[in-house]
Structures are given as C-alpha cells and as structure tokens.
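Structure first, commentary second.
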Amino acid sequence: MKAILMSIRPEWCDLIIRGQKTIEVRKTRPKLETPFRAYIYCTRTASKEFNSDDRNWDVSAKVHGGWPGKMGRVIGEFTCNDIDRITPLTSSIPGNLEERILGSCLTPQQVEAYAGWKGRRLIDCRDAYCWHISNFKLYKKPVKLKDFWAIQPCTHRGDCCTCRRWDAEKLICRGEAFGIEHPPQSWCYVEDGR
Numbered sequence: 309m310k311a312i313l314m315s316i317r318p319e320w321c322d323l324i325i326r327g328q329k330t331i332e333v334r335k336t337r338p339k340l341e342t343p344f345r346a347y348i349y350c351t352r353t354a355s356k357e358f359n360s361d362d363r364n365w366d367v368s369a370k371v372h373g374g375w376p377g378k379m380g381r382v383i384g385e386f387t388c389n390d391i392d393r394i395t396p397l398t399s400s401i402p403g404n405l406e407e408r409i410l411g412s413c414l415t416p417q418q419v420e421a422y423a424g425w426k427g428r429r430l431i432d433c434r435d436a437y438c439w440h441i442s443n444f445k446l447y448k449k450p451v452k453l454k455d456f457w458a459i460q461p462c463t464h465r466g467d468c469c470t471c472r473r474w475d476a477e478k479l480i481c482r483g484e485a486f487g488i489e490h491p492p493q494s495w496c497y498v499e500d501g502r
C-alpha cells in the first residue's frame, strides 16, 4: 500500500506537534484516495526566526527535547483524511480563502504568494491544495530516511548484479521499492508500514 513522505520545515513541524497546524498547503496532491498515511520528514534548515530568539540565542535546542536530533529525520506520521482544492477564484470571494486555510497558520497573502497567484492572469494560475492533518503521532525516536522505501518503477535493464535493487541473497530484483537516500523536495510516494 502507498503512503506519502513529505518534507516540512522545523517551524511548521513544531506547530504540527503542538496541534496548532492542522492543514498543510501544497501545490500538488497525490493520486491517492483519502484517508492515507503521511510521514513527516523534518528538514535540516529552518528560518532564522525559528533558530534564534530576540537575544539571538539558539532556541532549537530548547523546544520539545531539542530539534537538532530531529532535523533531517522522519519525526512522525499523520492521517490525511481530506484534501481541499483551492483556486485563485477561492481568494476572490471575501472570507472564503480565510475559512479554507484556517488551520494552516498562513495568511491569505502568504498562500497567494506561495501558489504563485500574485500578478498573474487567472488563466495562468494553478490550483493549490489543503491537506488535512489528523491523528498525528510523534515518534519517540526519529527515524532515518534510509528506513523508508520509495516507490518508483524499475528502469534498469541489463546487468542486474550492478543495480542497487538487486538482492544477491534471494537472487531477485526488489522491483519498485528502494531505500530513500535524499529527502523529497515536497513529497514522494513510499511503502506504507515501514
């Protein structure tokens, strides 16, 4: 069964953990029926506002047992129970966009800028999507990326012995699944039930 692995910045991860962020706004959506499982990869980089307070102290070590051990790891999972499509027309109706993005911790102006709607003709704009976060589970010990298996068709033809998907003990190709080495830019499909 397929699941999703998504990259989220530490400041947004913090808000998800606290239960304040219940919607994740993205430019794309998976071709999966809801509900589905999504794993959260906490990126290594954060905004300067997150990493230091007004005295320029490193606050990442003070939040939830210290972020340094969590950044660059999969910190938890949630169930995406719904995905709402938002369009540039959504933002043209007063109050409509605000209502749709209520749990995202973003302003309508931030969503419009992220989606690329500002200064564009309506015909040139793409939709954005509100992924609803429910049943969030924080892992006691963050998980490494290599413990997750990506789903991608095997395009290797020829000498299977040199392919990283080749299992020399079982003498078979592991086919579509392989360990993830780099985090996704936004999200990617992974095998569910790692």
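Quick note on numbering: our numbering labels position 191 of the sequence shown as 499, and the sequence is numbered without any gaps.
A virtual CB, placed ideally from N, CA and C, is assigned to each residue, including glycine.
**OP:** Would you list the one or two residues that DSSP bridges to Phe344?
**Re:** Cys388
**OP:** For chain D, find out if any of its Cβ atoms is closer than 8 Å to the Cβ of Asp392; answer yes or no.
**Re:** The structure shown contains no chain D, having only a single protein chain.
Subject >> Distance between Ile316 and Thr353 (C-alpha atoms, nearest Å) >> reply: 10 Å
Original post:
In angstroms, rounded to a whole number, what distance separates the CA positions of Pro318 and Gly380?
Top reply: C-alpha separation (whole angstroms): 10 Å.
Original post:
Relative to the C-alpha of Gln418, which residue among Asp432, Leu430 and Pro396 is closest?
Top reply: Pro396
Original post:
How many angstroms separate the CA atom of Leu430 from the CA atom of Ile441?
Top reply: 29 Å
Subject >> Ala564 burial status per 10 Å Cβ neighbour count (16 or more: buried) >> reply: Residue 564 falls outside the range modelled here, since the chain spans only 309 to 502, and no answer is possible.
Subject >> Other residues of its chain near Cys496: CB distance less than 7 Å, five sequence neighbours each side excluded >> reply: Leu313 and Ala458
Original post:
Quick one: what does DSSP say Gly487 is sitting in, helix, strand or coil?
Top reply: strand
Original post:
If you check the beta carbons only, do Val498 and Tyr347 fall under 8 Å apart?
Top reply: yes
Original post:
What does Met314 pair with, by DSSP beta-bridge criteria?
Top reply: The secondary-structure analysis by DSSP pairs Met314 across a beta bridge with Ile348 and Trp495.
**OP:** Let me know the secondary structure DSSP gives Leu414 once reduced to three states.
**Re:** coil
Original post:
Is Lys454 helix, strand or coil by DSSP?
Top reply: helix
Subject >> Delimiting residues of the beta strand (DSSP E) encompassing Arg334 >> reply: Ile331 to Arg334
Original post:
Is the beta carbon of Ile394 less than 8 Å from the beta carbon of Cys438?
Top reply: Contact: yes.
**OP:** Determine the extent of the alpha helix (DSSP H) in which Arg408 is found, giving its start and end residues.
**Re:** Asn404 to Arg408
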